[in-house]
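Note sheet for the following structure.
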Amino acid sequence: LRQEVSRREEAEQLRGQPKPRSPQGWGLLLALWYLTFYKPILTEGHLRRKNLEFIFIRFSAWQYSGCDKLWAGLVTTLCDSIRSHFGALPLSFYHVLGVPPSHASGFGQREWELKKGTCLKLWGSLLALAAGLAALLIALLAPGIKEHHQALKVVGSAVASLSGSTLALGACSVLKNLVVSEKRKIERLTNSQRFASQLGFMGKVRGEVEALVDFLGFMEVFERRRLRVVLEITSLELCLPEKVAGVLAAMGTLLADAHAPFIFLLAVDPGVIVPCLEQTGSMKGLADNGYLYLNRVVTLPFSIPPMGARSKLRCLRAAVGTREDLLYRLIASNLGKRRRPPRQVGTEVPSPWQEIDARAGACILQAFDCLHDANLPLARYLPTDGAHLRRIVNTIPITLRLLLHRARSAPRPGTELGTVATSPLAAAAWVVLADRWPCRLSWALQCLEDAWQAGMAREVGARSLWSLYQENLAELSALRQPLHNLLSLDAEPELFRCFLAGDFPFGASHAHELLPATVNLDHSMRHRMGLLRALNRLQRAVPTPQCQPEPGPHRA
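Using the UniProt record's numbering, the final residue of the sequence shown is 556, and nothing's skipped along the way.
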C-alpha cells in the first residue's frame with residue numbers, strides 16, 4: 001500500500017496537482033494558522049484526488065483482555081495512534097478552535113473559508129485588551145487628569161481583565177487538551193465508579209470519535225490527500241466471549257458513519273469466533289446464528305486459501321532461518337560451555353557432552369533438510385499453517401537433543417545413536433505426527449500403556465502403533481462425544497492412516513524410546529483417555545480384552 005501511495009503521488013504531481021503538505025516543521029505553524037482562522041471545504045476536486053495516505057494501527061485484543069471493557073481499549077488505541085501520528089498540538093487546537101469541514105455548494109474550487117466570527121472575536125478581544133491597557137496606563141502615567149483618574153483606572157482594569165480572561169481561557173483550553181488526551185478521557189470514564197450506571201457514556205465516547213473523524217477531514221484538506229485509518233484486529237480468539245462481542249459492537253459504533261475514514265481488518269478464525277458469539281448472553285436473539293452475524297458485520301469476506309507447495313516451503317525456510325543463530329550459537333556453544341570439564345595438563349580429550357553437542361548440530365541440520373526435501377514423504381504431511389510450522393521447527397532441535405542425551409546417559413541393550421528412534425528423519429517424523437494428530441496418537445499410546453500395565457509387554461512389543469489403533473478404533477468411536485474437542489485438533493484421518501501405516505510405521509518399541517523426549521504432545525490427553533476407558537469398561541462391565549496376535553502387515 002505504501003508503494004501504491006508513492007506511485008499515486010508521483011502521478012498526481014505529473015498531472016500538475018499541488019504537492020501534499022505535512023504538519024511537520026513549518027507545516028505545523030501553517031496548520032495551526034488554518035486551524036485558528038479558516039474552515040475547510042470539501043470540494044469536488046478534493047473528492048476526486050487519487051493520492052492517499054494510510055495510517056496503520058495494530059490492535060492485539062490479547063493485550064487488552066484484562067480490562068473490563070475490551071472495546072474501550074480499541075477506541076483508546078485508535079485515539080492514541082491518531083494523536084501520535086499528527087501530534088498533540090494540532091489536535092488540541094482543533095478541539096478548541098477547529099470546525100468540521102463542510103461540502104462545497106456547486107463545483108467551486110475554494111478549499112478554505114475565512115471564519116469571520118472567530119476573527120471578529122479575536123480582533124475584538126485584542127482591541128479591547130489594548131484599549132483597557134491604554135486607559136490604565138493613561139490613568140497611572142498622566143498626572144494632569146486628576147478628576148478622571150479613578151474612572152479611567154477602573155474602566156481600564158475591567159476592560160483589560162475581561163478581554164485578557166477570554167484569551168487566557170482559550171489558551172487554558174488548548175493547554176488542557178494538550179495535557180489530557182482523548183485516551184485519558186475515555187480511561188477516566190471507564191474507571192469511574194459510576195461507570196455501570198453512567199448515563200450517556202456511549203454518547204461521550206461517540207463524541208470523541210466524531211471529533212477525531214472531523215479532525216481527519218480537516219487534515220485531508222490541509223495535506224491535499226485522502227486519509228484512511230486501517231485498524232488490524234488480531235488475537236480476538238484468545239479473549240472471553242463477552243469481550244469478543246464488545247469489540248464487534250465497537251466496530252459497529254465506529255462504522256456507523258458511512259463517511260468515516262476507517263478500514264477494519266478483522267483477522268480471526270470463524271471456527272472460534274462463531275461459538276463465542278453464540279454463547280454471549282447479550283447477543284441472544286440478535287446472534288443466535290454466529291455466522292449470520294459475521295455476514296452482517298463483515299463487508300468484504302476473504303478466507304485465506306490453504307498454502308501451496310511453494311508457499312509452504314517459503315514459510316518453512318523462514319521458520320528455519322529464525323532458528324539458525326539459536327541453533328549454532330546459543331544451543332551448541334552455551335551448552336558446551338556449561339558441560340565443558342576443567343582443563344587438564346597435556347592433550348585435551350573432548351568430553352562426551354561435547355561429542356553429543358557436535359552430533360546434535362549435524363542431526364538437527366539433517367532433520368531440517370528432511371523437511372525441505374520434496375522427494376521424501378515427510379514433506380506432504382507438513383501443515384499449511386505458519387504457526388504450526390514454527391512449532392515443528394522449534395520442537396525438532398529439542399527432541400533430537402533429548403534423544404541423544406538419553407541414548408548417551410542410559411543406553412538400552414542394542415541401542416546406538418544410529419537407530420531409527422534417534423535418526424533425524426524419524427525424530428522429525430515423530431514431531432510432525434505429534435503436532436498433526438495429537439488426539440489419535442495419544443489414543444494409540446494410551447492403548448499401548450494399558451497393554452503394558454496389563455502385563456502384555458512381550459505381546460505388544462513387536463506390534464505397530466497402527467495395528468493397536470485399528471484394534472481399539474471401535475472404542476474410540478464410542479467415546480467420540482466426550483473426546484470431540486480433542487478430535488477436532490487432528491488433521492485428516494486418511495493422512496494419519498497413510499502416515500502411520502505406510503510411510504512411517506512406528507512400532508511399540510519406537511514409541512517407548514521416543515515418548516520420553518516428546519515435548520510437543522500434551523500428556524493430559526492420555527490421562528483423560530485413560531479415565532474415559534476405565535469408566536467405559538466399568539459401565540459395560542466388560543473385562544479387559546486380551547491382546548490378539550497381529551493379523552499381518554498393513555499396507556497403505
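We put the beta carbon where it would ideally sit given N, CA and C, even for glycine.
Values in this document were obtained by computation on a predicted structure and should not be read as measured data.
Where residue i falls, given that 16 or more other Cβ within 10 Å makes a residue buried
i: Tyr291; result: exposed
i: Phe302; result: exposed
i: Arg380; result: exposed
i: Leu199; result: At Leu199 the pLDDT is 49, less than 50, meaning the model places this residue with poor confidence; the figure from the coordinates comes in the next sentence. Classification of Leu199: exposed, given that the 10 Å Cβ count is below 16.
i: Asp357; result: buried
i: His46; result: buried
i: Gly108; result: exposed
i: Val519; result: exposed
i: Glu494; result: exposed
i: Val179; result: exposed
i: Asn472; result: buried
i: Asp450; result: buried
i: Asn51; result: buried
i: Gln446; result: buried
i: Thr299; result: exposed
i: Arg463; result: buried
i: residue 581; result: Here the chain covers residues 1 to 556 and nothing more, so residue 581 does not appear.
i: Trp62; result: exposed
i: Trp33; result: exposed
i: Ala556; result: Bear in mind that a pLDDT of 36 at Ala556, under 50, signals an unreliable position, so the number given afterwards is only what the model happens to contain. Exposed: under 16 other Cβ atoms inside 10 Å.
i: Pro383; result: buried
i: Ala11; result: exposed
i: Lys121; result: exposed
i: Cys172; result: exposed
i: Cys363; result: buried
i: Ser92; result: buried
i: Gly346; result: With a pLDDT of 48 at Gly346, under the threshold of 50, the modelled position of this residue cannot be trusted, and the question is left open.
i: Glu4; result: exposed
i: Ala360; result: buried
i: Lys312; result: buried
i: Ser524; result: exposed
i: Asp435; result: buried
Minimum C-alpha distance to residue i - residue among the options
i: Ser102; options: Gln3, His259, Leu231 and Gln17; result: His259
i: Gly73; options: Gly246, Val96 and Trp437; result: Gly246
i: Gly386; options: Pro306, Cys439 and Lys185; result: Pro306
i: Leu240; options: Arg408, Tyr64 and Ala171; result: Tyr64
i: Val432; options: Ala491, Asn51 and Val5; result: Ala491
i: Arg391; options: Ser92, Ala319 and Ile364; result: Ala319
i: Val393; options: Asn375, Gln366, Gly27 and Ala407; result: Gln366
i: Gln453; options: Phe506, Lys115, Gly530 and Lys121; result: Gly530
i: Phe504; options: Trp430, Ala474 and Phe37; result: Trp430
i: Phe59; options: Lys116, Ala309 and Ser81; result: Ser81
i: Trp466; options: Pro482, Cys439, Phe499 and Ser235; result: Phe499
i: Ser105; options: Leu42, Gln24 and Arg2; result: Leu42
i: Lys115; options: Pro90, Gly124 and Phe37; result: Phe37
i: Ala158; options: Ile55, Val297, Glu4 and Ala130; result: Ala130
i: Pro377; options: Leu538, Lys19 and Gly502; result: Gly502
i: Leu30; options: Arg48, Glu223 and Tyr293; result: Glu223
i: Glu242; options: Glu278, Arg526, Ala256 and Leu489; result: Glu278
i: Arg310; options: Ala374, Phe368 and Arg296; result: Ala374
i: Pro438; options: Gly27, Leu14, Leu521 and Arg359; result: Leu521
i: His510; options: Ser423, Pro270 and Leu127; result: Ser423
i: Asp369; options: Gly321, Leu404 and Ala407; result: Gly321
i: residue 598; options: Ser235, Pro23, Leu487 and Leu486; result: What the structure shows of the chain is the stretch from 1 to 556, and residue 598 is not part of that stretch, so it cannot be assessed.
Cutoff 7 Å: residue i Cβ touching any chain C Cβ
i: Leu97; result: Here there is only one protein chain, and chain C is not present.
8 Å contact criterion, which residue i and residue j should meet: CB distance rounded
i: Arg225; j: Glu53; result: 5 Å
i: Leu316; j: His372; result: 7 Å
i: Cys79; j: Glu210; result: Wrong, their Cβ atoms sit about 12 Å apart, outside the cutoff.
i: Ala444; j: Ile396; result: Rounded, the Cβ-Cβ distance is 21 Å, inconsistent with contact.
i: Val460; j: Ala534; result: With 8 Å as the limit, Val460 and Ala534 do not qualify as a contact, their Cβ atoms being about 19 Å apart.
i: Leu98; j: Leu35; result: Sequence check: residue 98 is Gly here, not Leu. So it is a contact: roughly 5 Å between Cβ atoms.
i: Leu227; j: Leu216; result: 5 Å
i: Leu265; j: Ile233; result: 7 Å
Residue(s) in a DSSP beta bridge with residue i
i: Ser464; result: Gly507
i: Leu42; result: His103
i: Glu53; result: Leu227
i: Ile263; result: Val230
i: Glu113; result: Lys39
i: Arg58; result: Glu232
Residue i: CB within 6 Å of a non-hydrogen atom of the ligand PLP
i: Leu70; result: Only the bare structure without any ligand can be found here, which leaves the ligand PLP out of the picture.
In the region 194 to 245, which residue ranges form an unbroken beta strand (DSSP E) of at least 3 residues, counting only runs that do not cross its ends?
-> 226 to 234
What are the complete alpha helix (DSSP H) segments, minimum 4 residues, inside the region 425 to 500?
-> 438 to 453, 457 to 460, 465 to 471, 473 to 478, 484 to 487 and 493 to 498
Pick out the complete beta strand (DSSP E) segments inside the UniProt region "Disordered" (1 to 22), 3 residues or longer, and give them in chain order.
-> none
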